[in-house]
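Trainee: Here it is, the structure, as structure tokens.
Numbering (this note's numbering), first residue to last: 3 to 148.
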């Protein structure tokens, strides 16, 4: 509850906020795959707040900030005909599980070094590490309905 209240307070105080929700996928060696900008989606927005989702914005061992910002701008314009403001505060919400510490460290360290660009929040979710694409489509329709 405290985390939610703090987050709501931060959102209420900011000029313009972009929320990036990174869904980790395709775990290989306990490290997420590289960033795929084409997976970026603008989920919802208000005049000052934007909610996006996509996969982990990491390429190799680097946080892909410039690629992420470009993907956010492109997705907003392409999907909803919305232009993002020139400057904004990025809140990177990640759902890394405890086994993805290498990726978490990359994001933590990026925002420590670049605190003026935004903040990193990790809300741990422990789920299945199997890629649904590993299963036949008929099985996915039965087993992976959400």
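Where a beta carbon is used, it is the ideal one built from N, C-alpha and C, also for glycine.
For residue 30, which residues in the same chain have their Cβ closer than 6 Å to its Cβ, ignoring the five residues on either side in sequence?
Mentor: Here the question's residue 30 lines up with position 28 in the chain shown. For residue 30, the predicted model reports a pLDDT of 37, less than 50, meaning its position is unreliable; a value from the coordinates is still stated below. Contacts found: none.
Trainee: Please classify residue 60 as buried or exposed, where buried requires at least 16 neighbouring CB atoms within 10 angstroms.
Mentor: Within the chain shown, numbered from 1, the residue matching residue 60 stands at position 58. Buried.
Trainee: My understanding is that residue 48 touches residue 93, with C-beta atoms under 8 Å, so please give their C-beta distance in whole angstroms.
Mentor: Locating residue 48 in the chain shown gives position 46, counting from the first residue. Locating residue 93 in the chain shown gives position 91, counting from the first residue. In fact, because the Cβ distance is near 14 Å, the residues do not count as touching under 8 Å.
Trainee: Please report how far the alpha carbon of residue 141 lies from the alpha carbon of residue 39, in whole angstroms.
Mentor: In the chain shown, residue 141 corresponds to position 139, counting from 1. In the chain shown, residue 39 corresponds to position 37, counting from 1. Taking the straight line joining both Cα atoms gives about 28 Å.
Trainee: List the endpoints of the continuous alpha helix (DSSP H) containing residue 141.
Mentor: Translated into the one-based positions of the chain shown, residue 141 becomes position 139. Taken as a continuous stretch (DSSP letters only), the alpha helix (DSSP H) holding residue 141 covers 139–145.
Trainee: Could you compute how far the alpha carbon of residue 42 sits from the alpha carbon of residue 73?
Mentor: On the chain shown, position 40 is the one that residue 42 refers to. On the chain shown, position 71 is the one that residue 73 refers to. Roughly 6 Å between the two C-alpha positions.
Trainee: Taking 8 Å as the threshold (C-beta atoms), are residue 71 and residue 44 in contact?
Mentor: Position 42 of the chain shown, counting from 1, holds the residue named residue 44. Position 69 of the chain shown, counting from 1, holds the residue named residue 71. No, the pair does not count as a contact, with Cβ atoms beyond the cut-off.
Trainee: How many whole angstroms separate the CB atoms of residue 124 and residue 106, which I take to be in contact at a CB cut-off of 8 Å?
Mentor: Start at 1 with the first residue of the chain shown, and residue 124 comes out as number 122. Start at 1 with the first residue of the chain shown, and residue 106 comes out as number 104. So it is a contact: roughly 6 Å between Cβ atoms.
Trainee: Which word fits residue 96, buried or exposed, when buried means at least 16 other C-beta atoms lie within 10 angstroms of its C-beta?
Mentor: As a working mapping, residue 96 is identified with position 94 in the chain shown. Buried is the call here.
Trainee: Measuring only the C-alpha atoms, how far is residue 144 from residue 134?
Mentor: Counted from its first residue, the chain shown places residue 144 at position 142. Counted from its first residue, the chain shown places residue 134 at position 132. One C-alpha to the other measures close to 11 Å.
Trainee: Applying the 10 Å Cβ sphere with the 16-neighbour rule, what's the burial state of residue 62?
Mentor: One-based indexing of the chain shown puts residue 62 at position 60. When all chains shown are included, residue 62 counts as exposed.
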